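A.B. asks:
In structure tokens, the structure reads:
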């Protein structure tokens with residue numbers, strides 16, 4: 285596989301990892317706040333904090349890994365996206381910073397005040413909305429490139445149906461992924477009250493998720509017909525995604541196999557995310573940047589791939605240890621240690 | 513202000529804020545590990561409690577370090593897109609590796625914090641500190657490599673704006689890497705020693721004169737002695753390195769204009785910007801030659817050998833002197849403390865000594881700030897020395913000012929809340945209360 289394809293494959297896998305772990309984290313923040321508002325906090329808060337406490341930093345690293353990696357493999361992206369996304373990027377950074385640090389303040393420091401929880405819950409929905417605009421912009425039509433400057437056409441972005449469809453999909457996916465995971469986690473912890481609520485959240489979040497993903501297809505057809513045509517080439521991936529969604533929802537409805545249901549949700553998003561990614565290629569930023577026009581030199585590409593493999597050899601055992609100690613440790617999950 | 517100036521201001525602000533937390537993040541794990549190890553070995557509950565309490569404060573500073581580190585990581589592309597487009601081809605390898613190092617640290621920190629009583633063999637829990645130390649120090653190593661590369665770029669050939677003959681490994685191991693990495697690491701460890709000693713000395717000044725605090729001060733002052741000596745020695749090596757490789761950076765710090773032998777050293781003073789005459793400074797004959805070449809007769813290159821538009825701002829002299837002065841203070845305090853402890857009739861924990869130790873905390877952080885400002889401002893006007901100027905690298909986006917104020921508000925909020933949370937954490941649960949809870953007899 286040539287280095288430019290290898291690079292994007294690696295980065296896309298990591299971005300998929302971020303999509304899953306960050307969605308769980310973002311959504312959990314929202315549910316924690318929502319739980320306090322409707323007075324069921326005692327039921328779901330312990331589940332949420334027991335899962336999140338050990339892993340929140342790891343989540344953040346997935347994102348850093350992606351943007352450092354994309355600038356490493358495709359230095360041209362730094363120029364286009366970097367110049368255009370100064371303000372939206374800064375807003376996303378400020379939100380991420382508030383979220384990460386306030387999480388630590390509330391968890392390791394002072395007690396949980398309402399303000400902490402509000403900041404934590406609100407950023408859980410705002411950050412995915414802000415981050416998802418990068419996907420929107422990559423479809424083209426929102427940047428003005430004149431000579432040596434790249435600027436973002438904010439009003440076009442704001443009044444675009446496609447952009448809102450993506451935001452809606454991002455937010456509802458976050459709520460769906462997170463609630464299906466927490467349902468599984470609550471079932472493992474044998475916490476019936478929490479399970480009841482989270483199962484309900486999962487069912488309700490599934491509805492806007494599937495509606496908004498159809499909506500994204502329709503809007504994409506109007507916004508970027510070229511990309512839309514390419515998605516039809518890999519229609520089977522989106523069909524599989526839909527099948528996984530149906531399987532997951534039916535398992536949750538029948539109150540069985542919550543673990544398998546969550547795997548189905550992961551597969552649903554894997555098929556959709558990779559289907560989207562494959563049909564997006566060869567463009568990184570339509571129509572300015574393609575993989576081959578922005579890729580780094582061969583020496584750097586090789587060095588990055590080698591260090592990536594070496595890094596994985598180090599990280600995978602460490603991650604397995606983390607998961608075994610917390611996520612898959614029945615005693616810990618039930619709060620007995 | 514234009515986008516270039518705003519970009520510089522925002523980068524300076526982010527780095528100045530981040531470096532505090534980054535330094536704590538690199539330095540403190542060593543001491544947590546040391547305290548836990550002593551505690552397990554000598555079955556001394558005081559040291560085990562020290563490790564626990566330091567960890568609790570540490571994770572809060574790590575959180576702020578993580579988010580501000582994410583900010584600076586992305587700001588590299590947001591504020592300096594032209595730099596990343598060029599330099600990204602040569603130097604993204606250590607940036608990439610840094611995320612792995614951090615990943616590694618984050619995983620083991622998470623495990624460490626939540627497994628205090630989960631292993632029957634206490635050394636197994638202590639072992640978890642090793643990957644945390646490796647991860648945090650390796651992060652500092654890789655990031656400092658990028659900074660070193662900006663000072664002494666190599667590993668590529670630039671022909672008509674196109675990079676050829678790329679060698680990412682040579683770029684990482686550029687000439688400035690060894691002195692810079694050594695200085696960054698030793699000064700971070702030193703700062704951590706003083707910050708931790710500061711907490712114990714402060715609580716002794718407030719009347720909590722117990723063994724827990726005494727042990728903490730003793731441990732940190734011993735470490736401080738070794739680390740301050742090492743930092744000053746490495747700083748001396750860095751000066752020799754600068755004199756050889758980046759003479760204009762050293763010359764600007766020392767207000768040295770005419771290349772010559774037997775060059776005196778000026779400490780403090782005032783400079784006439786036109787005649788370059790120095791008034792009111794302490795003049796030490798032949799000292800700069802001695803520092804820069806380890807030979808009183810050595811030749812030191814002066815600024816006049818360089819075109820004036822390539823000179824760094826000359827106020828870096830004060831940054832340099834301030835850093836060196838504070839470094840000397842940080843050596844003097846542990847020397848004095850350990851001497852007082854030897855002399856039995858003196859009380860090493862008297863009020864003045866404790867106050868001097870407390871002052872060492874903020875002073876060590878100030879020295880770090882001055883050192884970084886010297887390192888960065890002293891590189892001006894270059895972002896990539898002799899290849900790219902700062903003015904060519906900045907974003908063309910006119911809205912950098914808005915971003916500046918957004919981040920200013922963010923850092924203000926994080927700074928205030930972090931100090932509040934940390935002080936509440938230690939005030940609500942002083943060590944003696946926790947000692948009692950854990951049934952440790954004072």
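Protein chains in written order, with my numbering: chain A, 285 to 621; chain B, 513 to 954.
For glycine and all other residues, C-beta sits at the position ideal for the given N, C-alpha and C.
All of these numbers come straight from a predicted model, not from anything done at the bench.
What is the rounded straight-line gap between the Cα of residue 460/A and the Cα of residue 421/A?
C.D. replies: Indexing the first chain from 1 puts residue 460/A at position 176. Indexing the first chain from 1 puts residue 421/A at position 137. Taking the straight line from one Cα to the other gives about 24 angstroms.
A.B. asks: Which of the three DSSP states, helix, strand or coil, is assigned to residue 621/A?
C.D. replies: Position 337 of the first chain, counted from the first residue, corresponds to residue 621/A. With a pLDDT of 49 at residue 621/A, under the threshold of 50, the modelled position of this residue cannot be trusted, and the question is left open.
A.B. asks: Would you kindly work out how many angstroms separate the C-alpha atoms of residue 374/A and residue 909/B, rounded to a whole number?
C.D. replies: Residue 374/A sits at position 90 when you count from the first residue of the first chain. Residue 909/B sits at position 397 when you count from the first residue of the second chain. Straight-line Cα distance between these residues: approximately 13 angstroms.
A.B. asks: Since residue 423/A and residue 570/A are thought to touch, with beta carbons under 8 angstroms apart, how far apart are those beta carbons, to the nearest angstrom?
C.D. replies: For the purposes of this step, residue 423/A is taken as residue 139 along the first chain, with counting starting at 1. For the purposes of this step, residue 570/A is taken as residue 286 along the first chain, with counting starting at 1. Contact holds; Cβ gap of about 6 angstroms.
A.B. asks: Please identify the residue among 830/B, 845/B, 836/B and 541/B whose C-alpha is closest to the C-alpha of residue 733/B.
C.D. replies: Indexing the second chain from 1 puts residue 733/B at position 221. That would be 845/B, whose Cα lies nearest to the Cα of residue 733/B.
A.B. asks: Could you check where the alpha helix (DSSP H) with residue 444/A kicks off and where it finishes?
C.D. replies: Position 160 of the first chain, counted from the first residue, corresponds to residue 444/A. Segment: none, residue 444/A is in no alpha helix (DSSP H) and carries neither H nor E.
A.B. asks: Is the Cβ of residue 627/A closer than 9 angstroms to any Cβ of chain B?
C.D. replies: Outside the modelled stretch of chain A, which goes from 285 to 621, sits residue 627/A, for which no answer is possible.
A.B. asks: Under the three-state reduction of DSSP, which class applies to residue 572/A: helix, strand or coil?
C.D. replies: To locate residue 572/A, count along the first chain from 1; it is residue 288. Coil, per DSSP.
A.B. asks: Where residue 290/A and residue 931/B are concerned, what is the direct C-alpha to C-alpha distance, given to the nearest angstrom?
C.D. replies: Numbered from 1 along the first chain, position 6 holds the residue referred to as residue 290/A. Numbered from 1 along the second chain, position 419 holds the residue referred to as residue 931/B. Roughly 45 angstroms separates the two Cα atoms.
A.B. asks: I'd like to know if residue 626/B contacts chain A, where contact means its C-beta is closer than 9 angstroms to some C-beta of that chain.
C.D. replies: On the second chain, position 114 is the one that residue 626/B refers to. Judged by the 9 angstroms Cβ criterion, residue 626/B is in contact with chain A.
A.B. asks: Would you check if the distance between the CB atom of residue 621/B and the CB atom of residue 691/B is smaller than 9 angstroms?
C.D. replies: On the second chain, residue 621/B is found 109 positions in, with the first residue counted as 1. On the second chain, residue 691/B is found 179 positions in, with the first residue counted as 1. No, the Cβ-Cβ distance between residue 621/B and residue 691/B is not below 9 angstroms.
A.B. asks: Could you work out which residues of chain B lie near residue 587/A, taking near to mean beta carbons separated by less than 8 angstroms?
C.D. replies: Taking the first residue of the first chain as 1, we reach residue 587/A at position 303. 605, 680 and 681, listed in chain order.
A.B. asks: So, under 8 angstroms CB-CB, residue 878/B and residue 569/B are touching, yes? Tell me the CB distance rounded to an integer number of Å.
C.D. replies: Against the second chain, residue 878/B aligns to sequence position 366. Against the second chain, residue 569/B aligns to sequence position 57. At roughly 20 angstroms, the Cβ-Cβ gap does not stay under 8 angstroms, so residue 878/B and residue 569/B are not in contact.
A.B. asks: What did DSSP end up calling residue 685/B once you bin it into helix, strand or coil?
C.D. replies: Residue 685/B sits at position 173 when you count from the first residue of the second chain. It is coil, neither helix nor strand.
A.B. asks: Tell me where the alpha helix (DSSP H) around residue 869/B begins and ends.
C.D. replies: Numbered from 1 along the second chain, position 357 holds the residue referred to as residue 869/B. That run of the alpha helix (DSSP H) goes 863 to 889.
A.B. asks: If you run the structure through DSSP and keep just helix, strand and coil, what is residue 632/B?
C.D. replies: On the second chain, position 120 is the one that residue 632/B refers to. The answer is coil: DSSP assigns residue 632/B none of H, G, I, E or B.
A.B. asks: Would you kindly report the start and end of the unbroken alpha helix (DSSP H) that includes residue 430/A?
C.D. replies: Here residue 430/A refers to the residue found at position 146 when the first chain is read from its first residue. It is not in any alpha helix (DSSP H) - residue 430/A instead sits in the beta strand (DSSP E) that spans 427 to 430.
A.B. asks: Show which residues of chain A have a CB atom less than 8 angstroms away from the CB atom of residue 915/B.
C.D. replies: Translated into positions along the second chain, residue 915/B becomes position 403. The contacting residues are 370, 371 and 374.
A.B. asks: For residue 601/B, would you say it is in contact with chain A, using Cβ-to-Cβ distances shorter than 9 angstroms as the test?
C.D. replies: Reading the second chain from its first residue, position 89 is the one you call residue 601/B. Residue 601/B counts as touching chain A.
A.B. asks: Quick check on residue 674/B: does DSSP put it in helix, strand or coil?
C.D. replies: Taking the second chain and counting its residues from 1, one reaches residue 674/B at position 162. Residue 674/B falls in the strand class under three-state DSSP.
A.B. asks: I'd like to check one pair, residue 526/B with residue 923/B: are the Cβ atoms closer than 9 angstroms?
C.D. replies: The sequence position of residue 923/B within the second chain is 411, counting from 1. The sequence position of residue 526/B within the second chain is 14, counting from 1. Their beta carbons are under 9 angstroms apart, which means residue 923/B touches residue 526/B by this criterion.
A.B. asks: Whose Cβ in chain A lies nearer than 8 angstroms to the Cβ of residue 609/B?
C.D. replies: Start at 1 with the first residue of the second chain, and residue 609/B comes out as number 97. Residues of chain A passing the Cβ test: 591 and 595.
A.B. asks: Would you please verify whether the beta carbon of residue 941/B is less than 9 angstroms from any beta carbon of chain A?
C.D. replies: The residue given as residue 941/B occupies position 429 in the second chain. Residue 941/B does not count as touching chain A.
A.B. asks: Going along chain B, which residues have a C-beta under 9 angstroms from residue 602/A?
C.D. replies: Looking up residue 602/A in the first chain gives position 318. 615, 616, 619, 620, 623 and 643, listed in chain order.
A.B. asks: Is residue 899/B helix, strand or coil when you go by DSSP?
C.D. replies: For the purposes of this step, residue 899/B is taken as residue 387 along the second chain, with counting starting at 1. DSSP places residue 899/B in coil when its eight states are reduced to three.
A.B. asks: Kindly list the residues whose CB is nearer than 8 angstroms to the CB of residue 301/A, restricted to its own chain and excluding five residues on each side of it in sequence; keep chain order.
C.D. replies: Residue 301/A sits at position 17 when you count from the first residue of the first chain. Here the set comprises 346.
A.B. asks: Within 10 Å of its beta-carbon, does residue 677/B have 16 or more other beta-carbons around it, so buried, or fewer, so exposed?
C.D. replies: One-based indexing of the second chain puts residue 677/B at position 165. Exposed, since its Cβ has fewer than 16 Cβ neighbours within 10 Å.
A.B. asks: Could you tell me whether the Cβ of residue 605/A comes closer than 9 angstroms to any Cβ of chain B?
C.D. replies: Within the first chain, the letter at position 321 stands for residue 605/A. Answer yes: the Cβ-Cβ gap between residue 605/A and chain B drops below 9 angstroms somewhere.
A.B. asks: Could you tell me whether any Cβ in chain A is nearer than 9 angstroms to the Cβ of residue 551/B?
C.D. replies: Position 39 of the second chain holds residue 551/B. Chain A, which has no Cβ nearer than 9 angstroms to the Cβ of residue 551/B, makes this no.
A.B. asks: Report the rounded CA-to-CA distance for residue 561/A versus residue 515/A, giving the unit in angstroms.
C.D. replies: Here residue 561/A corresponds to residue number 277 of the first chain, with the count starting at 1. Here residue 515/A corresponds to residue number 231 of the first chain, with the count starting at 1. Their Cα atoms are separated by approximately 9 angstroms.
A.B. asks: Give the range of the alpha helix (DSSP H) segment to which residue 655/B is assigned.
C.D. replies: Counted from its first residue, the second chain places residue 655/B at position 143. Segment 641 to 663, the alpha helix (DSSP H) holding residue 655/B.
A.B. asks: Along the beta strand (DSSP E) that carries residue 761/B, what are the first and last residues, could you check?
C.D. replies: Here residue 761/B is taken as the residue at index 249 of the second chain, counted from 1. Not the beta strand (DSSP E): residue 761/B falls in the alpha helix (DSSP H), residues 759 to 766.
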